[in-house]
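Take a look at the structure below.
Residue numbers (the working numbering): 54 to 162.
Spelled out as structure tokens, the structure:
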């Protein structure tokens, strides 16, 4: 929420805030009619919420039912800042999924 809030506070910002929203729990079959989003989501600064059926996050972020793979695989640019278990599990998806960082170009002599 802190990143969304900071971006939303920029005057004349160029861009929108898209939130990948987790489900409260896994919903299958007939239970889909009772779908609920995880408490606290989306935060008030999200312009476009994308609701998913994926309930896991944090330390469970490497599991298939986490939304972290969506966060990484739909990104054009990824900047990782200090965070918790969820941030670490997102970073795990970066290396095998994306092209090398431009940093590689600066490392070459």
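C-beta atoms are modelled at their ideal positions from N, C-alpha and C, and glycine is treated no differently.
- DSSP, read as helix, strand or coil, puts residue 141 in helix.
- The beta-carbon separation of residue 121 and residue 54, rounded to 17 Å, does not stay under the 8 Å limit for a contact.
- Closest in C-alpha terms to residue 107, from the list 130, 98, 90, 64, comes 90.
- In this structure, residue 140 keeps its C-beta atom at 8 Å or more from the C-beta atom of residue 123.
- Each of 133, 134, 130, 125 was checked against the Cα of residue 146, and the nearest Cα belongs to 125.
- For residue 71, the closest C-alpha among the options 128, 101, 137 is that of 101.
- Residue 111 sits in a helix when the DSSP states are folded into three classes.
- Rounded to whole angstroms, the gap between the alpha carbons of residue 65 and residue 135 is 27 Å.
- Annotation: residue 123 is outside any beta strand (DSSP E); the continuous alpha helix (DSSP H) that includes it extends over 121–126.
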